[in-house]
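Residue numbers (our numbering): 1 to 142.
Remarks on the structure that follows.
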């Protein structure tokens, strides 16, 4: 590699930090020609170029993940066979099934409004027709 090419590549990879003049000294990065824009064009890559690069990277990531996952599965299967492990020993099955929750039944009405026939079970918030009144008057017999 020639010295000029190495210098150009070095500028494309290393971004020097230039500090602003304020007291906080926040870095502002000087942007040089990127490795993707070598031909004198100092502007940023276009949207189409960036989306193409992103799509290519997504495909590479998916391929690398698939390769590594298949290798990991093969290693795990080999260890399971080597040590004759069971699903219970690996904690892949639940030791005891979770108890089922009893289904709630509709509660029986305890109070009735004689004017409208509305009922209330006695659970939750009192209805407006019963607030501040003697509940025994509205109690349903039986």
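Glycine included, each C-beta is placed from N, C-alpha and C at the ideal position.
By the 16-neighbour rule on beta-carbons within 10 angstroms, residue 83 is exposed. Within a 10 Å sphere around the beta-carbon of residue 111 sit 16 or more other beta-carbons, which makes this residue buried.
DSSP places residue 85 in the coil class of the three-state scheme, outside both helix and strand. Taken atom to atom, the span from the alpha-carbon of residue 107 to that of residue 123 is near 9 Å. Between residue 113 and residue 99, the C-beta gap is not smaller than 9 Å, which leaves the two residues out of contact.
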